[in-house]
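Enquirer: For the sequence shown, position 115 (counting from the first letter as 1) is numbered 460 according to my numbering, and the numbering increases by one without interruption. Every residue, glycine too, gets a C-beta built ideally from N, C-alpha and C. Everything numeric in this text was worked out from a predicted model, so none of it was measured.
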Amino acid sequence: MIRTFLISCSVLAAAAAVVYAIVVKRNASGTIDRLNDMIDKAEEGEFKASDFSESEVSALESRFADFLDSSLASKANMAEEKDRIKTMISDISHQTKTPIANLLLYSELLSEGEELSPEGKESVEMIHSQTEKLRFLIDSLVKLSRLESGIVAIDAKKNSLKELLDSVVTELGVKASEKGLKLTGPSDDSSDVEAVFDMKWTREALINIVDNAIKYTDSGSVEISLSTTAVFARIDVKDSGIGISEEDSAKVFQRFYRSSEVSQREGVGIGLYLAREIITDEGGYIKLSSVKGEGTTFSIFVPVN
């Protein structure tokens with residue numbers, strides 16, 4: 346009889362364990378379903394913490410609901426702040442366009458005056474160069490803002506790389522010659538090479554990189570070459586300039602970064618950042634190799650298909 350009693354107890358205990366396991370599993374499944382529902386609503390922008398009361402959810406679900414609610418509020422605040430910054434940049438661009446144009450015009454007129462002393466002419470030239478720097482900075486910020494906001498989208502399609510590189514060499518050839526530098530493009534055997542990129546914006550990116558090469562090269566040359574693989578077309582911009590230290594190589598693509606070694610040279614520290622944003626949006630990438638005092642090579646990779 347005792348044996349029968351023990352067997353009965355064992356059966357009851359096993360049955361209770363099974364029932365408990367089913368209840369726990371069902372509760373866990375319900376909790377997971379509710380958490381998934383919270384995530385789905387958050388992704389759709391429809392989540393409200395008030396939809397999940399303390400009486401309906403566990404403490405974990407309640408904490409998760411609070412987290413999602415605060416995250417969505419933070420996301421909304423960030424989006425609102427980004428919109429304010431974009432509006433501010435647009436307003437600055439609009440309001441400064443005429444004053445900047447006038448500064449450039451009057452500084453050019455003053456520099457042509459014979460009655461100015463050498464010191465006066467030097468001051469006028471400084472005003473002109475700093476005004477050009479300000480114009481470039483504002484223009485770059487507007488372009489970057491339009492790209493990041495999606496107002497202007499990258500339209501990547503099959504284009505001729507020869508046409509792209511020829512236009513860059515033509516535009517910056519005079520600037521290179523004025524510094525006594527030789528700017529060369531790829532040979533004619535690259536005339537049939539095509540890749541997938543946005544002609545306007547990739548040209549913007551490449552001009553920023555080549556302009557940088559000219560800026561930091563005091564003697565020698567800047568060479569643009571082209572090669573292809575099955576996946577990417579590679580554009581190399583090689584200069585014989587001052588080079589970039591290993592420490593700075595990891596930072597040059599940061600927004601507004603300027604090494605202390607080049608702080609006295611022209612530039613605002615946004616050209617390379619903008620170039621990388623453009624090339625990345627096209628499905629490509631940029632890398633660099635440099636030896637301090639011997640020059641730098643920027644390699645731009647754009648997809649061929």
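What did DSSP end up calling SER438 once you bin it into helix, strand or coil?
Expert: Walking along the sequence shown from the start, residue 438 turns up at place 93. Looking at SER438 - three-state DSSP - the assignment turns out to be helix.
Enquirer: Taking only three categories from DSSP, how would you classify VAL538?
Expert: In the sequence shown, counting from the first residue as 1, residue 538 sits at position 193. In the structure shown, VAL538 sits in coil (DSSP, three-state: anything other than H, G, I, E or B).
Enquirer: If you check the beta carbons only, do VAL582 and VAL567 fall under 8 Å apart?
Expert: In the sequence shown, the residue the question calls residue 582 occupies position 237. In the sequence shown, the residue the question calls residue 567 occupies position 222. Taking 8 Å as the Cβ cut-off, VAL582 and VAL567 qualify as a contacting pair.
Enquirer: Between the region 475-489 and the region 500-516, are three or more C-beta pairs nearer than 8 Å?
Expert: Not touching, per the Cβ criterion.
Enquirer: Is the region 624-641 close to the region 546-562, with three or more CB pairs under 8 Å?
Expert: Contact holds: three or more Cβ-Cβ distances are below 8 Å.
Enquirer: Can you tell me whether DSSP reads ALA521 as helix, strand or coil?
Expert: Counting from 1 along the sequence shown, the entry for residue 521 is found at position 176. Helix, per DSSP.
Enquirer: Please confirm if the region 613-624 is in contact with the region 482-493, defined as three or more CB-CB distances below 8 Å between the two stretches.
Expert: Yes, they touch.
Enquirer: Grab me the residues of PHE601's own chain with a C-beta within less than 8 Å of its C-beta, minus the 5 sequence neighbours each way, in chain order.
Expert: Against the sequence shown, residue 601 aligns to sequence position 256. These residues qualify, in order along the chain: VAL613, GLY614, ILE615, TYR618.
Enquirer: Tell me whether LYS503 sits in a helix, a strand or coil according to DSSP, three-state version.
Expert: What you label residue 503 is simply residue 158 of the sequence shown in a count that begins at 1. Of the three classes helix, strand and coil, the one that applies to LYS503 here is strand, per DSSP.
Enquirer: Ignore the nearest five residues each way along the sequence and tell me which others in ASP500's own chain have a CB closer than 7 Å to its CB.
Expert: Your numbering for residue 500 matches position 155 in the sequence shown. So the qualifying residues of the chain are ASP543.
Enquirer: In this structure, how does DSSP classify THR314 when only helix, strand and coil are distinguished?
Expert: Nothing in the structure corresponds to residue 314, since the chain is present only between 346 and 650.
Enquirer: In the structure shown, what three-state DSSP assignment does SER635 receive?
Expert: Here residue 635 is taken as the residue at index 290 of the sequence shown, counted from 1. The answer is strand: DSSP assigns SER635 an E or B state.
Enquirer: If you check the beta carbons only, do LEU526 and VAL555 fall under 8 Å apart?
Expert: Indexing the sequence shown from 1 puts residue 526 at position 181. Indexing the sequence shown from 1 puts residue 555 at position 210. Their beta carbons are not under 8 Å apart, which means LEU526 does not touch VAL555 by this criterion.
Enquirer: The beta strand (DSSP E) with ASP556 in it runs from where to where?
Expert: As a working mapping, residue 556 is identified with position 211 in the sequence shown. Here ASP556 belongs to no beta strand (DSSP E); instead the alpha helix (DSSP H) covers 544-560.
Enquirer: VAL469: buried (16+ other C-beta within 10 angstroms of its C-beta) or exposed?
Expert: As a working note, residue 469 is residue 124 in the sequence shown. The residue in question, VAL469, is buried, as its Cβ has 16 or more Cβ neighbours within 10 Å.
Enquirer: Considering just the uninterrupted stretch of the beta strand (DSSP E) at ALA578, what are its terminal residues?
Expert: Here the question's residue 578 lines up with position 233 in the sequence shown. Start and end: 577-584.
Enquirer: In the DSSP output, what is LEU528 paired with across the bridge?
Expert: As a first step, residue 528 must be located in the sequence shown, where it is residue number 183. In the DSSP output, where bridge partners are listed per residue, LEU528 has VAL567.
Enquirer: Among ALA540, ALA558, ILE580, GLY565, which has the Cα closest to the Cα of SER505?
Expert: By 1-based counting over the sequence shown, the position of residue 505 is 160. Measuring from the Cα of SER505, the nearest candidate turns out to be ALA540.
Enquirer: For the candidate residues LEU571, THR573, ARG579, ILE587, whose alpha-carbon lies nearest to that of ASP563?
Expert: Here residue 563 refers to the residue found at position 218 when the sequence shown is read from its first residue. ASP563 has its Cα closest to that of ILE587, out of LEU571, THR573, ARG579, ILE587.
Enquirer: Suppose the cutoff is 8 Å on Cβ atoms and the five residues either side in sequence are ignored; what does the same chain contact list for SER594 look like?
Expert: Here residue 594 refers to the residue found at position 249 when the sequence shown is read from its first residue. Within the same chain, SER594 has close Cβ partners LEU633, SER635.
Enquirer: Compute the Euclidean distance between the alpha carbons of GLU639 and ASP436, then round it to the nearest angstrom.
Expert: Residue numbering aside, residue 639 sits at position 294 when the sequence shown is read from its first letter. Residue numbering aside, residue 436 sits at position 91 when the sequence shown is read from its first letter. For GLU639 and ASP436, the distance between alpha carbons rounds to 43 Å.
Enquirer: Within a Cβ cutoff of 8 Å, which residues of the same chain sit near GLU453, ignoring the five residues on either side of it in sequence?
Expert: Residue numbering aside, residue 453 sits at position 108 when the sequence shown is read from its first letter. Cβ neighbours of GLU453 beyond the five flanking positions: HIS473.
Enquirer: Under the rule that 16 or more other beta-carbon atoms within 10 Å means buried, what is GLU457, buried or exposed?
Expert: Residue mapping note: residue 457 aligns to position 112 of the sequence shown, counting from 1. Counting Cβ neighbours within 10 Å, GLU457 comes out exposed, since fewer than 16 surround it.
Enquirer: Do ILE702 and ALA521 have their C-beta atoms closer together than 8 Å?
Expert: The requested residue 702 does not occur in the structure, where the chain is confined to residues 346 to 650.
Enquirer: Along the alpha helix (DSSP H) that carries TYR618, what are the first and last residues, could you check?
Expert: As a first step, residue 618 is located in the sequence shown; it is residue number 273 there, counting from the start. Its alpha helix (DSSP H) spans residues 616-626.
Enquirer: Would you call the CB atoms of LEU571 and PRO531 closer than 8 Å?
Expert: The count along the sequence shown starts at 1 and reaches residue 571 at position 226. The count along the sequence shown starts at 1 and reaches residue 531 at position 186. Yes, the pair counts as a contact, with Cβ atoms nearer than the cut-off.
Enquirer: Indicate the three-state DSSP secondary structure (helix, strand or coil) for PHE646 in the structure shown.
Expert: Position 301 of the sequence shown, counting from 1, holds the residue named residue 646. Residue state, collapsed to three classes: strand.
Enquirer: Report the rounded CA-to-CA distance for LYS502 versus GLU460, giving the unit in angstroms.
Expert: As a first step, residue 502 is located in the sequence shown; it is residue number 157 there, counting from the start. As a first step, residue 460 is located in the sequence shown; it is residue number 115 there, counting from the start. C-alpha separation (whole angstroms): 55 Å.
Enquirer: For VAL538 versus PRO648, is the C-beta spacing smaller than 8 Å?
Expert: Position 193 of the sequence shown, counting from 1, holds the residue named residue 538. Position 303 of the sequence shown, counting from 1, holds the residue named residue 648. No, Cβ-Cβ distance for VAL538 and PRO648 is not below 8 Å.
Enquirer: What does DSSP give as the partner residue(s) for THR573 in the beta ladder?
Expert: Within the sequence shown, the letter at position 228 stands for residue 573. In DSSP, THR573 forms a bridge with ALA578.
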